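Novice: The structure under discussion is supplied below as structure tokens; questions concerning it will follow.
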Amino acid sequence: MEQRSGKIAPVSLELLGAGRKLADKLNVELAGVLLGHKVDQIVNELYEYGADTVYSIDHPVLEHYRSEAYQVGVVDLVKKYKPEILLFGATVIGRDLASTVATELGTGLTADCTRLDIDLKNRLLEASRPAMGGNIMATILCKNHRPQMASVRPKVMKAIDPIKGRTGKLVEHPINIDENQLQTKVISVVQELGNKIRLSDANVIVAGGKGLQDEKGFQLVRELADVLGAAVGASRDAVEAGWAEHSEQVGQTGTTVAPKLYFAIGISGAVQHTVGMENSEIVVAINKDPNAQIFEKCTYGIVGDAFEVVPKFINEFKKL
Ligand code: FAD
Numbered sequence: 014m015e016q017r018s019g020k021i022a023p024v025s026l027e028l029l030g031a032g033r034k035l036a037d038k039l040n041v042e043l044a045g046v047l048l049g050h051k052v053d054q055i056v057n058e059l060y061e062y063g064a065d066t067v068y069s070i071d072h073p074v075l076e077h078y079r080s081e082a083y084q085v086g087v088v089d090l091v092k093k094y095k096p097e098i099l100l101f102g103a104t105v106i107g108r109d110l111a112s113t114v115a116t117e118l119g120t121g122l123t124a125d126c127t128r129l130d131i132d133l134k135n136r137l138l139e140a141s142r143p144a145m146g147g148n149i150m151a152t153i154l155c156k157n158h159r160p161q162m163a164s165v166r167p168k169v170m171k172a173i174d175p176i177k178g179r180t181g182k183l184v185e186h187p188i189n190i191d192e193n194q195l196q197t198k199v200i201s202v203v204q205e206l207g208n209k210i211r212l213s214d215a216n217v218i219v220a221g222g223k224g225l226q227d228e229k230g231f232q233l234v235r236e237l238a239d240v241l242g243a244a245v246g247a248s249r250d251a252v253e254a255g256w257a258e259h260s261e262q263v264g265q266t267g268t269t270v271a272p273k274l275y276f277a278i279g280i281s282g283a284v285q286h287t288v289g290m291e292n293s294e295i296v297v298a299i300n301k302d303p304n305a306q307i308f309e310k311c312t313y314g315i316v317g318d319a320f321e322v323v324p325k326f327i328n329e330f331k332k333l
């Protein structure tokens, strides 16, 4: 269960939602694994979101994420309690930890999944993810090794509605590691995004693509986002052109998002982009090509020149 400074990451609650369904199908218990220092306030939240048991390792070396320390903790727990399935969020931390844990345990890892299910007859996890440049969905089984491991993209699974007051079992696990054994030291922790709205948490996203022509054109996207209090998103081509940062890229090799409102401006709608935003509630697409693929994925489509349409949006929203 990923947490930073004692605050649970939304993807952890989504994993509990997905895990609850798998555990119910298999008729096994669902456990949350919580590593950190002085994070016991999270335990009740994990029960309320579906965990039957919480395995907790509390130690000063775990205060900030370091893969070598976290890996020791998770591997220790897996060897002792032998779970059938082990899930991670496909975040920066989760991707790093899942791969080192899988290597240490000598098992497979299906990374970046967007669907999980169970083959009940064989009690196998069916972990699906986009493959071949996003053109097919591959379902991957881990037949010969345990645990079956998968990392799951944020925003594709749903957390359950929390059940207030639901409780479970707490198992506190000791860890035999000390600071001097570790090769990395945390010198300071810097907040990454300042006042910017984090893409994966945003309710409204204004995303721009190559149709905006240059960095100056892409400023229109940032202006509209500012007026709406939205996060900025970008296609990979806009990122590769240097108009946006990689942290702003939406899609298969960027972030998966599911906001209430998503503007796609000058974005063609390639599958590698849409796979990252198709769970958005409302999609407004602005494109001058009436045949652009993005119109197949949108709620409202505007065929027009972004340089004429977007300034009008900005002016109208400023009046509100
Ligand atoms: P284009 O395809 O060039 O589209 C520009 C659009 O702007 C066109 O539809 C055009 O009609 C429109 N336009 C032009 N001028 C205007 C105007 N004045 N007003 C309005 N509309 C205008 N892409 C991603 O986005 N995210 C990913 O994570 C990603 N991962 C990838 C992974 C792999 C393995 C591969 C092979 C590709 C990946 N891509 C990804 C790239 C993807 O295939 C597309 O190339 C990319 O999404 C296209 O970006 P775009 O829509 O901005 O540009």
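Note that the sequence shown covers residues 14 to 333 in our numbering. All C-beta atoms in this analysis are idealised placements derived from N, C-alpha and C, irrespective of residue type, glycine included. Keep in mind that this is a model prediction, so the values were computed, not measured.
1) Which residues have their C-beta within less than 5 angstroms of a heavy atom of the ligand ATP, listed in chain order?
2) Quick check: what's the CA-CA separation for Gly30 versus Ala247?
3) Hey, how far is the Cα of Gln232 from the Cα of Ala238?
4) Checking 8 angstroms against the spacing of the C-beta atoms, do Leu2 and Met162 come in under that value?
5) Is the separation between the beta-carbon of Asp71 and that of Val52 shorter than 8 angstroms?
6) Using C-beta distances below 6 angstroms, list every residue in its chain close to Val199, excluding the 5 sequence neighbours before and after it, in chain order.
7) Go through the stretch 107-165 residue by residue and report every complete run of the beta strand (DSSP E) that reaches 3 residues or more, in order.
8) Assuming Met299 contacts Val323 (C-beta within less than 8 angstroms), just tell me the rounded distance between them.
9) Starting from Phe320 and walking both ways along the alpha helix (DSSP H), at which residues does that stretch end?
10) Which residue or residues does DSSP assign as beta-bridge partners of Ala44?
11) Give every residue of the same chain whose Cβ lies closer than 8 angstroms to the Cβ of Ser293, excluding the five residues on either side of it in the sequence, and list them in chain order.
12) Using the DSSP secondary-structure output, state which residues sit across from Leu99 in a beta bridge.
13) What first and last residue would you give for the alpha helix (DSSP H) that runs through Lys182?
14) Less than 7 angstroms between C-beta atoms, sequence neighbours within five positions excluded: which residues of the same chain meet that for Ala172?
15) Please classify Ala140 as buried or exposed, where buried requires at least 16 neighbouring CB atoms within 10 angstroms.
16) Ile21 by DSSP, collapsed to three states: which one?
17) Could you work out which residue in Glu236, Thr116, Ala220, Ile131 is closest to Lys38 when comparing CA atoms only?
18) CA-CA distance, Gln84 and Lys209?
19) For Pro187, does the count of other Cβ atoms within 10 angstroms reach 16, so buried, or fall short, so exposed?
20) Under 8 angstroms, do Thr104 and Val41 count as touching if we go by C-beta distance?
21) Could you tell me which residues DSSP pairs with Leu274 in its beta bridges?
22) For Ala277, which residues of its own chain have a beta-carbon under 6 angstroms away from its beta-carbon, when the five flanking residues on both sides are left out?
23) Compute the distance between the beta-carbons of Ala251 and Lys223, then report whether it is under 8 angstroms.
24) Using only the alpha-carbon positions, how far apart do Ile153 and Val234 sit?
25) Would you please verify whether the beta carbon of Lys310 is less than 8 angstroms from any beta carbon of chain D?
26) In the structure shown, what three-state DSSP assignment does Gly222 receive?
Specialist: Reading from the atomic positions:
1) What this structure holds is the ligand FAD, not the ligand ATP.
2) 29 angstroms
3) Their Cα atoms are separated by approximately 10 angstroms.
4) The structure shown does not extend to residue 2, since the chain spans only 14 to 333, so no value can be given for it.
5) yes
6) His77
7) 122-126, 128-132, 137-144, 149-153, 161-165
8) One point to set straight first is that residue 299 is Ile, not Met, in the sequence displayed. With a Cβ gap of about 7 angstroms, Ile299 and Val323 count as contacting.
9) Taken as a continuous stretch (DSSP letters only), the alpha helix (DSSP H) holding Phe320 covers 319-332.
10) Thr66
11) Ile218, Val270, Ala271, Pro272, Lys273, Leu274, Tyr275
12) Met162
13) Careful: Lys182 lies outside any alpha helix (DSSP H), inside the beta strand (DSSP E) at 182-185.
14) Leu26, Glu27, Leu29, Gly30, Tyr62
15) buried
16) The answer is strand: DSSP assigns Ile21 an E or B state.
17) Ile131
18) 31 angstroms
19) exposed
20) Contact: no.
21) Val217, Ile295
22) Ala220, Ala298, Ile307
23) yes
24) Straight across, the Cα-Cα distance linking Ile153 with Val234 is about 38 angstroms.
25) The chain inventory of the structure shown lacks chain D, comprising one protein chain alone.
26) Note: Gly222 maps to coil in three-state DSSP.
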